[in-house]
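One structure is given here, and the rest of the page talks about it.
Residue numbers (the numbering used here): 52 to 348.
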C-alpha cells in the first residue's frame, strides 16, 4: 500500500510559529501594546478635538450631544482669526521674542558650557551647580523682582525687556545641558587638532561644534518652547496691545462677552503648528542630543 504524504502547504500549516513571531503575539505583549495605544489615544485626544473643533461652524461647536467629526467643515474660524483679531501681531511678537531669546541663550550658554568643561579655574564646579540651582526657583517667585528691576531700567513694554527675561530664565538650564554635552566630547580630539596647527578657535569651530551640534539643537528646542509658551512674563512685562504675545492674546479671547470656542481652537492650532514643525524637523538631533548628554553630566 502506497504511503500518503501531506502537501507542503498543509504540512506547513501544522508547524508551530517561529519563536520571534510567537513572542510578538504573546498575550503579555499584546496587552502592553494595547495599553500603549490607549495612552497615546488619551494623550492625542485633546489635540484631535482641537483640530476638529477649529473646523466646525459655530452651531456645531455648541451642539449637544457633541460629536467628533464636523458635519460641515469650514475654515471660517481661521478667516475670522486673521481678519477680526490681532492674532498676526501676537504671532509676530512671539516669533521675534522666542527667536532672539533662543539665539542669545544658545550663544551665551555655549560659551559658558565650554568654559566649564575646558578651562581649569577655582569654583567652576560650584558655578555649574549654582547655575542649576537658580533654575529651581519657580517663575512666580521671581516675577515681582523682575518687574521692579525692569521698570526701574525702563524695559517694560519693550521687546528687549521680554527677551532679557526669557534669556535670564532659560540660560542656567541651557548652560547645564550644554556642559553635559561638552563633557561627552573627548578633550583629546581638540588637542589633536591644535597639535596639527589649528588654534583654539579653529578647533572649536571645526571639531567641537560639529560634535556638539545635536546637543545645541536639543537645547535650542527647549529654549524656544519655553519662550514660545510663556504667559507669566509676557503678561506682566508687556501691557500694550500691539506688544502682546500669543499666549497673552489668546487668553484675552476668554474675556469676550461670548466665548468663541471655534476661534480659540483655531488660535490653538496656529500656536501648535510652529512648535510642532520645529520639533519634528529637529527630532533626529533632539534624540541624538539627549542621548549624548546622558553619557556624562
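Beta carbons are placed, not taken as given, at the ideal position from N, Cα and C, and that holds for glycine.
Quantities reported herein were computed from a predicted structural model and do not represent experimental measurements.
Taking 7 Å as the cut-off, decide whether the C-beta atoms of residue i and residue j are in contact.
i	j	result
residue 197	residue 216	yes
residue 270	residue 229	yes
residue 112	residue 279	no
residue 77	residue 296	no
residue 288	residue 212	yes
residue 98	residue 124	no
residue 168	residue 233	yes
residue 319	residue 91	no
residue 156	residue 222	yes
Can you tell me the Cα-Cα spacing of residue i and residue j, whole angstroms?
i	j	result
residue 194	residue 175	28 Å
residue 332	residue 326	10 Å
residue 163	residue 323	31 Å
residue 63	residue 274	Unreliable positioning characterises residue 63 in this predicted model, as indicated by a pLDDT of 48, which lies under 50. The coordinate reading is nonetheless provided below. If I take the Cα positions, the gap works out to 58 Å.
residue 191	residue 286	12 Å
residue 276	residue 166	26 Å
residue 347	residue 231	Residue placement at residue 347 is poorly supported in this model, since its pLDDT is 42, which falls under 50; the coordinates still yield a value, given next. Going by the C-alpha atoms only, they are around 6 Å apart.
residue 118	residue 321	23 Å
residue 126	residue 96	21 Å
residue 120	residue 84	26 Å
residue 244	residue 262	14 Å
residue 94	residue 103	15 Å
Starting from residue i, trace the alpha helix (DSSP H) both ways and give me its first and last residue.
i	result
residue 304	Per DSSP, residue 304 belongs to no alpha helix (DSSP H) and is neither H nor E.
residue 141	138-169
residue 280	260-280
residue 127	127-135
residue 180	175-185
residue 225	210-234
residue 312	312-332
residue 350	Because the chain spans 52 through 348 in this model, residue 350 falls outside it and cannot be assessed.
residue 244	238-246
residue 254	251-254
residue 207	Element bounds for residue 207: n/a, residue is neither H nor E.
Tell me whether residue i is buried or exposed, calling it buried when 16 or more other Cβ atoms sit within 10 Å of its Cβ.
i	result
residue 352	Because the chain in this structure spans residues 52 to 348, residue 352 falls outside the shown range and cannot be described.
residue 218	buried
residue 181	exposed
residue 135	exposed
residue 393	Absent from the structure is residue 393, since the part of the chain shown begins at 52 and ends at 348.
residue 239	exposed
residue 87	exposed
residue 328	exposed
residue 201	buried
residue 314	buried
residue 299	buried
residue 266	buried
residue 330	exposed
residue 132	buried
Give the single residue among the options whose Cα lies nearest to the Cα of residue i.
i	options	result
residue 301	168, 237, 264, 317	317
residue 109	256, 128, 188	128
residue 293	208, 253, 249, 226	208
residue 153	226, 120, 262	226
residue 187	220, 203, 171	220
residue 210	141, 258, 243, 261	141
residue 236	268, 172, 259	259
residue 148	306, 330, 304, 281	281
residue 161	309, 306, 256, 248	256
residue 268	139, 158, 80	158
residue 199	130, 172, 284, 242	284
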